[in-house]
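Chemist: Heads up: the first sequence begins at 5 in the working numbering, then just goes up one per residue.
Note that beta-carbon positions come from the ideal geometry of N, C-alpha and C, so glycine has one too.
Please read through the structure below; I'll follow up with questions.
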Amino acid sequence: MINITFPDGAVRQYEQGSSALDIARQISEGLARKVLAADVNNDVWDATRPINTDAKIKFLMWDDDNAKSTFWHSSAHLMAEAVEGMFPGVKFWVGPPLEKGFYYDIDMGDNVIGEEDLRKLEVKMAELAKQNNSYIRKEISKPDAVKYFEEKGDEYKLDLLGNLNDGEITFYTQGNFTDLCRGPHIPSTGFIKGIKLTNVSGAYWKGDEKNKMLTRIYGVTFPTQKELDEHLFLLEEAKKRDHRKLGKELGIYTMDDDIGQGLILWMPKGTVIIEELEKLAKETELAAGYKRVVTPHIAKEKIYLTSGHLPYYEDSMYPPMEIEGTKYYLKPMNCPHHHKIFAAEQHSYKDLPLRLAEYGTCYRYEQSGELFGLMRVRCLHMNDAHIYCAKEQFAQEFRAVNDMYIKYFKIFGIEKYVMRLSLHDPKKLGQKYVNEPELWLETEAMVRQVMTEANIPFIEVQDESAFYGPKIDVQIYSTIGKEFTLATNQVDFAQGRSFKLEFTNQNNEAETPLIIHRAPLGTHERFIGFLLEHYAGKFPLWLAPVQVKILPISDKFLEYAKNVLNKLKIADIRVEIDERTEKIGKKIRDTELMKVPYMLVIGEREMNEEKISIRRQGKGDAGTKSVDEFVAMITEEIKSRRIAE
RNA sequence: GCCAGUGUAGCUCAGUUGGCCAGAGCAGCUGAUUUGUAAUCAGCUGGUCGGGGGUUCGAAUCCCUCCACUGGCUCCA
């Protein structure tokens, strides 16, 4: 007998070799029907795996993340079985679960898989699921495993086996499909009910673009069809918030083949947002002791050799223009230009920190397949600044930048983000990262300390830093689930020396400043792309391209409406009037769809009483006020940059 | 850049196995309507079916190629 401890602390005895599923069954059949996996001594196990020692267990059901992962991983195996049935001879790489769903990477040989094949595979999977085959775990010796896959001629699984030791190798079989797999799996295929294969794509083997491209099939499954339908419905809803769709519908930006890929044309409405953001940045930076500068869009080749960017990033820079034997590049970042401004004057420690700010226009030749709406473009406007400071000033400056981020995020109501401390990778010193092992560790420790002292939650990630130093990235997610860096705060211990930047310290010695690169509002492109999705197009009043739309009920009231228009214009409110001879219902509908925050309905009553009727976007009729009262109300809302609740 | 898919009026989309002058709704224009909180009615304009090449008596439809977009992969100073 073994002692099993349950989450509530209760201890009960079971026969040795009982599985979690056996135990669940003894409690109730209903429970057993829901158990997908089990947590055994803090490891996730197959619910069917025999337990031979005393253990602490917890049943994992659909509401548990580990159970979901197990479910989706088992679904990947089910899909593999269907694929193998339909395309005999294909070879499998790996099929992990994702946050929502799963994929399997497959070498399809000469087979091409299309949309129709996915539908057929779904049907096949449903058939296999109905057979309710058990997932059977089998421990196997390494030589036997190698032999199995050698006979099969499967170089991929043999590659995986190369990294595994004898004694830790298991096979899982369900129906006609056997796979090398660590597990765990759900008890049987019958749990899988709602099945959707979402898309096919290519994926390089082991994620290396020099390797062969495998076929990756993505899918998602649920224990019921209803949950699948709900999931698909949510996806559809999310698509409505896609900044590319909203950007077009609301007239924010456009792109044109004749201009070029990834080059954004900001339309008047988008430009209003840009200017409001810049106004905010300027106010904030002025208050924080920044000085503004303006620099050209191009520079000679030499400067990018000095900065060290050219060898690292030549492929993603626009090719140079050669004039009279000199090569000029479009600037991919603003740092070298700012460094030269620092270098133009002599500096004493008393001048530091020197903070140079610019909304800089940069050009990066991103690979065509990487371009993505406003989030990944080739011409970008960066909320850039470089802070030159002495080492002992670093902590305070870095912290001030973080505080600025948080202040901004509060203004925009951005709550869902992750601060990421991006570190170097010691293995890539001298290649991807400047070869200064001690400085790396020192600056990374400095950043870590600032974050910890400021009590800001963050995660640490290796091999994500800039080549010149560690950084804090703010990660956000687009509505369709892609992750992006919204803002960045970077330490640079390398470029100060490359550019021979110096200041004279208290001891009358030349000292190289540390540089902080920061862009709390990221780029206009990515930030506005994010805001479009964040607000679902319903910008707060201070950002709204059109703040107020005047809707006369008929053109008999046009003159009075124009009076109102002028009063609002004098108060610096972005206001338009709908002069069309349409019915009021139509005018309201169109204005609602354009997500204009305030609508002023003007008819006979308003004209006679010298008032206006207010309608708030999405909220309906909001009563009557005098023009002056209304102006006072919304001026306050604009000035405070309030987010409407 | 790589894999797969898509590309029809300003926008959203129809267009059977290749076959008469390529369709609809919205938008736009013109006219009528002068309207009270999410779509008034009528008429009209508008497309070398992404570009180029080919197969065919005949191509939006089949093939090749280039371009762009979409979903991934790789990348993101």
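#1: Rounded to the nearest angstrom, how far is the Cβ of K553 from that of E529, given a contact under 8 Å?
#2: Quick check: the stretch 569-578 against the stretch 630-645, are at least 3 beta-carbon pairs closer than 8 Å?
#3: Hey, quick one: how far does the alpha helix (DSSP H) through T447 stretch, first residue to last?
#4: Give the DSSP-derived three-state secondary structure of P300 in the structure shown.
#5: So, are the CB atoms of Y421 and V381 less than 8 Å apart?
#6: Going straight from the alpha carbon of A292 to that of F503, what length do you get?
#7: State the beta-bridge partners of L102 as determined by DSSP.
#8: For the beta strand (DSSP E) containing L184, name the first residue and the last one.
#9: Going by DSSP in three states, V635 sits in which element: helix, strand or coil?
#10: Mind checking K4: buried by the 16 CB within 10 Å criterion, or exposed?
#11: Using DSSP with H/G/I as helix, E/B as strand and the rest coil, what is G373?
#12: Among T595, Y437, Q510, which has the Cα closest to the Cα of G541?
#13: Based on the DSSP secondary-structure assignment, which residues constitute the bridge partners of H341?
#14: Would you call the CB atoms of V98 and P188 closer than 8 Å?
#15: Can you tell me whether DSSP reads G293 as helix, strand or coil?
#16: By Cβ distance below 8 Å, which residues in the same chain neighbour N169 in space, the five residues on each side in sequence not counted?
#17: For R645, I'd like the list of residues in its chain whose CB is within less than 6 Å of its CB, leaving aside the five on either flank, ordered along the chain.
#18: Just checking my contact of L254 with K599 at CB under 8 Å: how many whole Å lie between their CB atoms?
#19: When DSSP labels each residue in this structure, what does R403 get in the three-state scheme?
#20: Who are the Cβ neighbours of R578 in its own chain at under 6 Å, not counting the five residues just before and after it?
#21: Thinking C-beta only, is D163 closer than 8 Å to H81?
#22: Expressed to the nearest angstrom, what Euclidean distance is found between the alpha-carbon atoms of T9 and G21?
#23: Using DSSP bridges, identify the partner residues of I391.
#24: Ordered along the chain, which non-local residues of its own chain (more than five positions away) have a Cβ less than 8 Å from that of P227?
#25: Between the C-alpha atoms of T57 and D26, what's the straight-line distance to the nearest angstrom?
#26: Give the DSSP-derived three-state secondary structure of Y222 in the structure shown.
#27: Where do the N-terminal and C-terminal ends of the alpha helix (DSSP H) with Y437 fall, by residue?
#28: With 16 other CB atoms within 10 Å as the buried threshold, where does K362 fall?
#29: Helix, strand or coil: how does DSSP classify Q135 here?
#30: When burial is assigned at 16 or more other CB atoms within 10 Å of the CB, is L309 buried or exposed?
#31: What residue from V495, D407, R53, Q265 has the CA that sits closest to A24's CA?
#32: Distance check for G223 and L122, CA to CA, integer angstroms please.
#33: Cβ of T193 within 8 Å of Cβ of C185?
#34: Going by C-alpha distance, which of Q466, A449, I410, G417 is nearest K432?
#35: Nearest-angstrom Cα distance between P336 and Y367?
#36: Tell me the DSSP secondary structure of Q510 in three-state form.
Modeler: This is what the structure gives:
#1: That belief does not hold up - the Cβ atoms of K553 and E529 are roughly 27 Å apart, past 8 Å.
#2: yes
#3: 441-457
#4: coil
#5: no
#6: 26 Å
#7: G105
#8: 181-184
#9: helix
#10: Residue 4 lies beyond the residue range present for the chain, which begins at 5 and ends at 649; the question has no answer from this structure.
#11: helix
#12: T595
#13: H341 is not bridged to any residue.
#14: no
#15: coil
#16: K146
#17: I415, W546
#18: 7 Å
#19: helix
#20: V550, Q551
#21: no
#22: 15 Å
#23: R359, I520
#24: W66, F75, F195, I196, K197, G198
#25: 15 Å
#26: strand
#27: Neither: Y437 is in no alpha helix (DSSP H) and is coded neither H nor E.
#28: Residue identity differs from the one stated: residue 362 is Glu in this sequence, not Lys. Flag for E362 reads buried.
#29: coil
#30: exposed
#31: R53
#32: 9 Å
#33: no
#34: Q466
#35: 5 Å
#36: coil
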